[in-house]
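Undergrad: Per the numbering used here, residue 455 is the first one in the sequence shown, and the count goes up by one each step. By construction, the Cβ of each residue, glycine as well, lies at the ideal position given by its N, Cα and C atoms. If you're wondering where the values come from, they're calculated on a predicted model, not measured in any experiment.
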Amino acid sequence: MGGDLPPRGSFATLTDADVARFRSILESTPGDVARAVLTDEKSLADANEDWTRAYRGRSRVLLLPRTTSQVAAIVRHCNDRNLAVVPQGGNTGLVGGGVPVHDEVVLGMKRMRSVVSIDPSAGVVVAEAGVVLDDLETALNREGMTVPLDLGAKGKCQIGGNVSTNAGGLRLLRHGSLHGSVLGVEVVLASGEVLNLLKTLRKDNTGYDLKQLFIGAEGTLGVVTKVALLAPRKPRRVDVTFAAAPSFSAAVETLVAAKTELSESLQAFEFLDRASLELVCAQMKGARDPLPGSEAPFYVVMETSGSAERAAEERARLDRFLADAKTRGRVVDGVVGADAKHAAALWNLRERISLALKHAGAVYKYDLSLPTARMYELVEVMRERVASAAAAAAAGAAGAFDFSRVSVLGYGHLGDGNLHLNISSPDGYDARLERIIEPHVYEWTASVDGSVSAEHGVGAMKPNEVSRSKPAAAIELMRAIKDVFDPKGILNPYKVLPPRARL
Ligand code: FAD
Ligand code: MLT
Ligand code: ZN
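The structure is reproduced here in structure tokens:
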């Protein structure tokens, strides 16, 4: 997956002297250096391979700094020596952005995991980049606050990685994107200079808003070391509703009705198709269809927030919403989580699809922004293409790839117009299957004026596709920005920007 490797850039190769220099930078406390400069096989195997196991580099060193000044000294050394560097967070990215393509130095952030401050009156948290999203949530919950971001990878992804990918997730509908929630960042630039943009102010109109450049830069412009984030109050209670829709357009109508009728309390509105539900139930222990008998082609998962005191009223409001949706034919059945455990089980059916896909074999993952009403057409188009290939293969030579074992699944953030198209192949990645999918999936997306990356980023997977979603002039400006921040191109090379010849 990801096509041919781009050729290695003209970077220096790691030497023993470099490793010795890293040791001297990181040996701030006795014994620390053994945990901070890692060259053993196991650590490197983990650092070199991404979550999907589709991308694998061959770095020879993993560095785990504890402080911003250590990050600065490492990056300064790499810049002086012309060594390429990959910043790595929780390594849950889905586009190969956080692992080396060749032999880049891996700069892991997991030991920078302090929550620096929480200000309940301003509703702001400042955290080091390596704080795991779930840990940040737990720290904020103690103060009655919450992170304005939630994703299935929360147990492993880091806030620095989330900011660097501009992660969307399950509650973007409620809280908006990180471009709105991030108030400030501290960043180590390629030169080793520390750029302190760590403001905690809600308003700051003093010219260009430079922090925005680092949100979604995927480690190509600097290493994010601290983040200041708006942290709203945690809702006293939430309800989760799971409903079966007779068609995709009925699911979209349910979204519109939810926005109208439940407006201020709507936190998330997600969808999955029947193939996704069946896969989760088959692969994940304890998962089961909550609406057996409905056999619907689509399901929606909706989260609403409310007050602890009015639980019964809010429950009744959701029951009325479901009853009305049934009467109008928007849903055929539905259930509201009876308690926290039941609500979590309903959410899991949506959140665990990625994990179920990983268990099922190789998966071609596409994360697309599309016009909401037409989002599912692409899933159907891809199913037809795979079915035609299966028919042709059945009629043709023995030994052909068995397309009949391939499944095409659609799920995603319906409230944000974000489709996750996944093509699951129990028989591994295969160039014949890839040719059925690409470039058609990107051409179709461009034809409806969509985006080839809604929330996962570009990484190593899509630099050659960026031009389908951005004009050449915008890509040239991105290049110019990259040249200002990282003139030698040492920070996460081969990612995000298309190779020059492609323009
Ligand atoms: P990594 O994967 O380590 O890195 C991602 C990119 O950010 C890389 O380019 C890396 O170089 C860069 N980077 C990481 N840390 C830094 C730093 N401190 N400074 C500079 N650059 C850095 N994504 C969504 O948007 N929405 C979802 O709903 C969602 N759900 C997911 C569910 C599952 C089960 C999984 C496995 C992934 C999911 N993702 C989702 C993708 C992924 O979790 C996000 O992209 C996440 O933000 C990555 O964070 P990370 O810390 O793991 O970063
Ligand atoms: C999700 O929404 O589940 C994530 O973005 C992960 C995925 O696309 O599989
Ligand atoms: Zn997603």
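Could you check how far apart the C-beta atoms of Gly673 and Pro541 are, in whole angstroms? I think they sit under 8 Å.
TA: Sure, about 4 Å apart at Cβ, within 8 Å.
Undergrad: Which first and last residues belong to the beta strand (DSSP E) in which Asp787 is found?
TA: Segment 787-790, the beta strand (DSSP E) holding Asp787.
Undergrad: Please report the straight-line C-alpha distance between Arg477 and Val559, rounded to a whole angstrom.
TA: About 14 Å.
Undergrad: Where does Glu503 fall in DSSP's three states?
TA: Reduced to three states, the DSSP call for Glu503 is strand.
Undergrad: Label Lys795 either buried or exposed according to how many other C-beta atoms from any shown protein chain fall within 10 Å of its C-beta, with 16 as the threshold for buried.
TA: Lys795 should be labelled exposed.
Undergrad: Going by DSSP, which residues form a beta bridge with Arg687?
TA: DSSP lists Met599 as partners of Arg687.
Undergrad: Report all residues from its chain with a CB closer than 6 Å to the CB of Leu639; omit the five preceding and five following residues, and keep chain order.
TA: Residue identity differs from the one stated: residue 639 is Val in this sequence, not Leu. Cβ neighbours of Val639 beyond the five flanking positions: Leu651, Lys665, Phe668, Val678, Val681.
Undergrad: Please give me, in chain order, every unbroken run of the alpha helix (DSSP H) with length at least 4 that falls completely inside the segment 808-870.
TA: Here the runs fully enclosed are 831-849.
Undergrad: By the three-class DSSP mapping on this structure, what secondary structure does Met932 have?
TA: Looking at Met932 - three-state DSSP - the assignment turns out to be helix.
Undergrad: Could you check whether the segment 821-835 touches the segment 554-572, counting it as contact only if at least three pairs of C-beta atoms, one from each stretch, sit closer than 8 Å?
TA: Taking 8 Å as the limit for Cβ pairs, the verdict is that the segment 554-572 does not touch the segment 821-835.
Undergrad: Are the CB atoms of Gly676 and Asp940 nearer to each other than 9 Å?
TA: Their beta carbons are under 9 Å apart, which means Gly676 touches Asp940 by this criterion.
Undergrad: Please classify Arg956: is it buried, with 16 or more other beta-carbons within 10 angstroms of its beta-carbon, or exposed?
TA: The pLDDT assigned to Arg956 is 48, lower than 50, so where the model puts this residue is not dependable; a value taken from the coordinates is nonetheless given after this. With fewer than 16 other Cβ atoms within 10 Å, it is exposed.
Undergrad: Take the Cβ of Asn659 as the centre, count every other Cβ of all protein chains shown within 10 Å, and call the residue buried at 16 or more, exposed below.
TA: The residue in question, Asn659, is exposed, as its Cβ has fewer than 16 Cβ neighbours within 10 Å.
Undergrad: Measure the C-alpha to C-alpha separation of Glu749 and Val902 and round it to an integer number of angstroms.
TA: Spanning the two alpha carbons is a distance of roughly 31 Å.
Undergrad: Tell me whether Tyr753 sits in a helix, a strand or coil according to DSSP, three-state version.
TA: Residue state, collapsed to three classes: strand.
Undergrad: Out of Asn502, Ser523, Arg520, point me to the one whose CA is closest to Arg514's CA.
TA: Among Asn502, Ser523, Arg520, the Cα nearest to that of Arg514 belongs to Asn502.
Undergrad: Three-state secondary structure (DSSP) at Arg728?
TA: Arg728: helix per DSSP, three-state reduction.
Undergrad: Between Ala583 and Gly646, what straight-line distance do the alpha-carbon atoms span, to the nearest angstrom?
TA: Rounded to the nearest angstrom, the two C-alpha atoms are 17 Å apart.
Undergrad: Give a yes or no on whether the C-beta atoms belonging to Ile528 and Leu492 are separated by under 9 Å.
TA: No, the pair does not count as a contact, with Cβ atoms beyond the cut-off.
Undergrad: Ignore the nearest five residues each way along the sequence and tell me which others in Glu962's own chain have a CB closer than 6 Å to its CB.
TA: It is not possible to answer for residue 962, since the shown part of the chain is limited to 455 through 957.
Undergrad: Taking 9 Å as the CB-CB cut-off, is Thr600 touching chain B?
TA: The question asks about chain B, but that chain is absent: this structure has only one protein chain.
Undergrad: Can you list, in chain order, the residues of its chain whose CB lies under 8 Å from that of Lys936, leaving out five sequence neighbours each side?
TA: Closer than 8 Å at Cβ, skipping near neighbours: Thr674, Leu675, Gly943, Leu951.
Undergrad: If contact is defined by three or more beta carbon pairs under 8 Å, each pair taking one atom from either stretch, is the segment 831-849 in contact with the segment 910-922?
TA: The segment 910-922 vs the segment 831-849: no contact.
Undergrad: With respect to the beta strand (DSSP E) encompassing His874, which residues constitute its N-terminal and C-terminal limits?
TA: 872-879 is the span of the beta strand (DSSP E), which, as asked, contains His874.
Undergrad: What are the boundary residues of the alpha helix (DSSP H) that includes Asp778?
TA: Element bounds for Asp778: 765-781.
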